[in-house]
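These protein sequence lines map, in sequence, to chains A and X. Heads up, the final residue of the first sequence is numbered 777 in the numbering used here, and it's a clean run with no missing numbers. Heads up, the final residue of the second sequence is numbered 777 in the numbering used here, and it's a clean run with no missing numbers. Each residue gets a CB set at the ideal place from its N, CA and C atoms; glycine is no exception. Below: one structure, written as structure tokens.
2 protein chains.
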Amino acid sequence: MNIGDAAERSGLPAKTIRYYEDIRLVKPARGENGYRDYSSEDVHRLRFLQRARGLGFSVEECRQLLSLYADKRRESADVKAVAEAKLIEIDRKIAELVSLQKTLRHLVHACHGDERPDCPILDELSGSDPVQ
Amino acid sequence: MNIGDAAERSGLPAKTIRYYEDIRLVKPARGENGYRDYSSEDVHRLRFLQRARGLGFSVEECRQLLSLYADKRRESADVKAVAEAKLIEIDRKIAELVSLQKTLRHLVHACHGDERPDCPILDELSGSDPVQ
DNA sequence: ATGCAGGTTCCAGTTACTGGAAGGTCAAGA
DNA sequence: TCTTGACCTTCCAGTAACTGGAACCTGCAT
Numbered sequence: 646m647n648i649g650d651a652a653e654r655s656g657l658p659a660k661t662i663r664y665y666e667d668i669r670l671v672k673p674a675r676g677e678n679g680y681r682d683y684s685s686e687d688v689h690r691l692r693f694l695q696r697a698r699g700l701g702f703s704v705e706e707c708r709q710l711l712s713l714y715a716d717k718r719r720e721s722a723d724v725k726a727v728a729e730a731k732l733i734e735i736d737r738k739i740a741e742l743v744s745l746q747k748t749l750r751h752l753v754h755a756c757h758g759d760e761r762p763d764c765p766i767l768d769e770l771s772g773s774d775p776v777q
Numbered sequence: 646m647n648i649g650d651a652a653e654r655s656g657l658p659a660k661t662i663r664y665y666e667d668i669r670l671v672k673p674a675r676g677e678n679g680y681r682d683y684s685s686e687d688v689h690r691l692r693f694l695q696r697a698r699g700l701g702f703s704v705e706e707c708r709q710l711l712s713l714y715a716d717k718r719r720e721s722a723d724v725k726a727v728a729e730a731k732l733i734e735i736d737r738k739i740a741e742l743v744s745l746q747k748t749l750r751h752l753v754h755a756c757h758g759d760e761r762p763d764c765p766i767l768d769e770l771s772g773s774d775p776v777q
């Protein structure tokens, strides 16, 4: 199967699939013409990657998950550890964003947003006493 | 004032301050010896940048905010628009992360995490029927 | 024969820094 | 005076994960 079809079936852009080959996440066969030739195994792998990336795993984590997936003697504890670490990371990011959201929401509320120049948002950024 | 002091007072690493000069966010004077010489104006600008970046504004948005800040005839509506756009972006990111969090939490719960190889997390990634 | 879709490689750009090498400057102490 | 160490300079490369584009090749249909 050519890269275009693999792209369609995996939900990944062809560019990304080529990139994944560059960094050795997949290694499709090559036809006589030099075209990449994807097996359904390859496509399965690509779909795995697409889902794992979509769940927020980094490419290196995906590599790790793929190797666990391939290892028939893996321990589910190892997979769970990876997922738990990612979950903690996501929790942390959410907390951080929520804190920013709060501050920003506050500032946006405080700004009248009209044609006048005075603005609590700029005041805050420039280090005046914070808006209450 | 040398870059080390400017760094300390602004809360930004010296490396970052040099980078901000590269991309023309600040333009300190230079001493005879070639050292950068920061005025309190410059440091104020750096603190502004430090705070704005901390609030999640991109460097380009910071540039825009700085130019609004410098413009005495600005309209606060313009500032508010930038902040509101950022807020929407943050809202969106949070929603996305919360959705990931939910899925991942679900999967982590479903995985017994012991020495056995079977694992609902890998099942999900590999495209089996989702865990219920 | 020709056109076009789709394949190939390779290089550069994105964001916002960060690390490191090689070397210049300054102030203090022996 | 010399040296040492902290601090400064520039420049180059690397990070994460692609993405865009150029230049070129292949396959298929008209």
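(request) Look up Arg719(X) in the DSSP assignment and say whether it is helix, strand or coil. (result) Position 74 of the second sequence holds residue 719(X). Coil, per DSSP.
(message) Among the candidates Ile735(X), Lys747(X), Pro658(X), Glu706(X), whose CA atom is the shortest distance from the CA of Val688(X)?
(response) Start at 1 with the first residue of the second sequence, and residue 688(X) comes out as number 43. Per the Cα distances, Pro658(X).
(request) Round the Cβ separation of Leu742(A) and Leu700(X) to the nearest angstrom and send it over; I've been treating them as touching at under 8 Å. (result) Counting from one through the first sequence, the residue named residue 742(A) turns up at place 97. Counting from one through the second sequence, the residue named residue 700(X) turns up at place 55. Incorrect: roughly 11 Å between the Cβ atoms, too far for contact.
(request) Using a Cβ cut-off of 8 Å (strictly closer), state whether Ser721(A) contacts chain X. (result) One-based indexing of the first sequence puts residue 721(A) at position 76. Interface residue, yes.
(request) Return the residues of the segment 755–770 of chain X that lie within a Cβ-Cβ distance of less than 8 Å from chain A, sorted by chain order. (result) Cys756, His757, Gly758, Asp759, Glu760, Arg761, Pro762, Asp763, Cys764, Ile766, Leu767, Glu769, Leu770
(request) Give a yes or no on whether the C-beta atoms belonging to Tyr664(X) and Pro673(X) are separated by under 8 Å. (result) Against the second sequence, residue 664(X) aligns to sequence position 19. Against the second sequence, residue 673(X) aligns to sequence position 28. The answer is no: Cβ separation not under 8 Å.
(request) Taking only beta carbons into account, state which residues of the segment 651–671 of chain A come closer than 9 Å to chain X, listed in chain order. (result) If the cut-off is 9 Å between Cβ atoms, the segment 651–671 of chain A has nothing near chain X.
(message) Are the CB atoms of Leu691(A) and Ile733(A) within a distance shorter than 8 Å?
(response) Locating residue 733(A) in the first sequence gives position 88, where the first residue counts as 1. Locating residue 691(A) in the first sequence gives position 46, where the first residue counts as 1. It is not a contact, given that the beta carbons lie outside the stated cut-off.
(request) Enumerate in chain order the residues of its own chain whose CB-to-CB distance from Glu706(A) is below 8 Å, with the five nearest sequence positions on each side excluded. (result) On the first sequence, position 61 is the one that residue 706(A) refers to. Cβ neighbours of Glu706(A) beyond the five flanking positions: Ala697, Val727, Lys731.
(message) Would you call the segment 761–776 of chain A in contact with the segment 748–765 of chain X, where contact means no fewer than 3 C-beta pairs closer than 8 Å?
(response) Fewer than three pairs of CB atoms, one per stretch, sit closer than 8 Å, so the segment 761–776 of chain A makes no contact with the segment 748–765 of chain X.
(request) Please classify Asp682(A): does DSSP put it in a helix, a strand, or coil? (result) Locating residue 682(A) in the first sequence gives position 37, where the first residue counts as 1. Asp682(A) falls in the strand class under three-state DSSP.
(message) Check this for me: beta carbons of Leu670(A) and Arg708(A), under 8 Å apart or not?
(response) Walking along the first sequence from the start, residue 670(A) turns up at place 25. Walking along the first sequence from the start, residue 708(A) turns up at place 63. Yes, Cβ-Cβ distance for Leu670(A) and Arg708(A) is below 8 Å.
(request) For Leu710(X), decide whether its Cβ has a neighbour in chain A, counting only Cβ atoms nearer than 8 Å. (result) For this step, residue 710(X) is matched to residue 65 along the second sequence. Judged by the 8 Å Cβ criterion, Leu710(X) is in contact with chain A.
(request) Measuring only between beta-carbons, confirm whether Val753(A) sits less than 8 Å from chain X. (result) As a position in the first sequence, residue 753(A) is number 108, starting the count at 1. Output row for Val753(A): interface = yes.
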